[in-house]
Amino acid sequence: MLHTLSVPIIQAPMAGGVSTPKLAAAVSNAGGLGFLAGGYKTAEEMRKEIMTIRTLTDAPFGVNVFVPNEEDVDMEALLRYQQVLEKEAERFSVTLGEAKWDDDDWEAKLSVLYEEKVPVVSFTFGCPSSDIIAKLKDNGSFVIVTVTSTEEALIAAQQGADALCVQGPEAGGHRATFRNDETADENVSLLVLLQQIREAVDLPLIAAGGIMHGRDIAAVLAAGASAAQLGTAFLRCPESGANPLHKNALIDPQFQATAVTRAFTGRPARGLVNRFLIEYDKLAPAAYPHIHHMTRHLRKAAAQASDPQMMSLWAGQGYRLAKDMPAREIVRLLMKEVKEVVEGMNRLL
Numbered sequence: 001m002l003h004t005l006s007v008p009i010i011q012a013p014m015a016g017g018v019s020t021p022k023l024a025a026a027v028s029n030a031g032g033l034g035f036l037a038g039g040y041k042t043a044e045e046m047r048k049e050i051m052t053i054r055t056l057t058d059a060p061f062g063v064n065v066f067v068p069n070e071e072d073v074d075m076e077a078l079l080r081y082q083q084v085l086e087k088e089a090e091r092f093s094v095t096l097g098e099a100k101w102d103d104d105d106w107e108a109k110l111s112v113l114y115e116e117k118v119p120v121v122s123f124t125f126g127c128p129s130s131d132i133i134a135k136l137k138d139n140g141s142f143v144i145v146t147v148t149s150t151e152e153a154l155i156a157a158q159q160g161a162d163a164l165c166v167q168g169p170e171a172g173g174h175r176a177t178f179r180n181d182e183t184a185d186e187n188v189s190l191l192v193l194l195q196q197i198r199e200a201v202d203l204p205l206i207a208a209g210g211i212m213h214g215r216d217i218a219a220v221l222a223a224g225a226s227a228a229q230l231g232t233a234f235l236r237c238p239e240s241g242a243n244p245l246h247k248n249a250l251i252d253p254q255f256q257a258t259a260v261t262r263a264f265t266g267r268p269a270r271g272l273v274n275r276f277l278i279e280y281d282k283l284a285p286a287a288y289p290h291i292h293h294m295t296r297h298l299r300k301a302a303a304q305a306s307d308p309q310m311m312s313l314w315a316g317q318g319y320r321l322a323k324d325m326p327a328r329e330i331v332r333l334l335m336k337e338v339k340e341v342v343e344g345m346n347r348l349l
């Protein structure tokens, strides 16, 4: 599947409304692979987006879903965190959501993926069973599992994945670790992780994390990846569904860095450092999706009040390089940059 792409660029699935059918279709139409994000939607909402993208492109596209993990949660710590956030909710005149576990409509979404015969299916937060992967493959889907370590890569390979998306610590949004009680080694860069996994498994690899320029794409291809996956690079596109405040924050000088935090959702995720992250990072327990549900109304109210200091502004480390231009033009620019790097290297050799 990956070798059939005319350009080795994949648009990352960004949940929460960022990855729209228009964005995914634009990237696929430009020769890359666009992705829809199934996370935080109902199965039927996901199906509608699949139907919509099929009216916008005849090219392959992907759909990403979250693998549910029911893990032990420190309920006392969760309650303490909820009590601390009550004052913020009162300030915005909203009620905190119910801090609950759910499976994000898992079984129903699998049914939609089977029924719609989605060309490419990827998984985050875990690896499905070999039976599920085999059924998707028998149905014509190319199956990708997102991994953050060699151990996870070996599990995904054993379960029958067609390819692995190797996510480095530079990536924006959620870390794709299989479990929430352990964080992938933040000291192992994407390039090092790629080479470690390349030695351990014989599967096509997709590199993700901090990739913003053609130089980055050339580097990961040289390190053994078959394609590069970019998310933050497409955040400011007109086709992106990111909140305008989020898009503007990427170039706002008041936001000087990114950091990984559990404060917004209860799972480690990289975003722009703002007041919420600074004040609540150390208080948030490992409780996903409980905290996601708990803070959802608060984050939405902050957006409506034009307060980016209280929003989850997911972004990778290279966020300052995000450009406000159509997705198709970004793909073309990236490939032009890749070509320039390759030509420069050839001259040196």
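For the sequence shown, position 183 matches number 183 in UniProt numbering, and the numbering has no gaps at all.
Where a beta carbon is used, it is the ideal one built from N, C-alpha and C, also for glycine.
All values reported here derive from a predicted model rather than from experimental measurement.
Could you give the distance in angstroms between the alpha-carbon of residue i and the alpha-carbon of residue j?
i, j, result
"ALA26", "THR148", "28 Å"
"GLU86", "HIS290", "15 Å"
"VAL220", "ASP58", "28 Å"
"ASP131", "LEU113", "14 Å"
"MET212", "GLY266", "27 Å"
"PHE61", "PHE35", "6 Å"
"GLU107", "GLN82", "30 Å"
"ILE155", "ALA161", "9 Å"
"MET345", "ALA218", "10 Å"
"ILE197", "GLU152", "9 Å"
"SER226", "THR52", "28 Å"
Could you name the residues of the same chain whose beta carbon sits closer than 7 Å to that of residue i, not counting the 5 residues immediately before and after it, in chain order?
i, result
"LEU277", "ALA259, THR261, ALA263, GLY271"
Give the secondary structure of residue i by DSSP, where H, G and I count as helix, E and B as strand, and everything else as coil.
i, result
"GLN195", "helix"
"LEU221", "helix"
"ARG262", "coil"
"VAL341", "helix"
"ARG179", "coil"
"ALA249", "helix"
"residue 404", "Examination of residue 404 is not possible in this model, given that the chain is present from 1 through 349 alone."
"ARG270", "strand"
"ILE155", "helix"
"ALA163", "strand"
"LEU205", "strand"
Spatial neighbours of residue i within its chain, please: CB distance less than 8 Å, with the 5 preceding and 5 following residues excluded, ordered by chain position.
i, result
"GLU340", "GLY214"
"ALA228", "PRO8, ILE9, ILE10, ILE206, ALA207, ALA208, ILE211, ASP216, ILE217, VAL220, LEU221"
Cutting at 6 Å between CB atoms, please list the residues of its own chain near residue i, excluding the five before and the five after it.
i, result
"VAL118", "VAL63, SER141"
"ALA15", "ALA37, GLY39, TYR40"
"GLY241", "GLY17, VAL18, THR20"
"VAL273", "ALA257, ALA259"
"GLY318", "GLY210, MET212"
"PRO308", "LEU245, ALA249"
"residue 350", "The structure shown has nothing for residue 350, since the chain only spans 1 to 349."
"LEU136", "VAL121, VAL143"
Subject >> Sequence ranges, alpha helix (DSSP H) only - wholly within the stretch 66 to 128, length at least 4 >> reply: 75 to 91, 106 to 116
**OP:** Can you check the stretch 125 to 152 for any alpha helix (DSSP H) of at least 4 residues that lies completely inside it and give the ranges in chain order?
**Re:** 130 to 138
Original post:
Quick one: any contact between the stretch 279 to 287 and the stretch 67 to 78, if contact means 3 or more CB pairs under 8 Å?
Top reply: yes
Original post:
Would you call the stretch 89 to 96 and the stretch 231 to 239 touching, i.e. three or more CB-CB distances under 8 Å?
Top reply: no
Original post:
Considering only residues of the stretch 11 to 67, which uninterrupted beta strand (DSSP E) runs meet the minimum length of 3 residues and lie entirely inside it, listed in chain order?
Top reply: 34 to 37, 61 to 66
**OP:** Pick out the complete alpha helix (DSSP H) segments inside the stretch 272 to 344, 4 residues or longer, and give them in chain order.
**Re:** 275 to 280, 290 to 304
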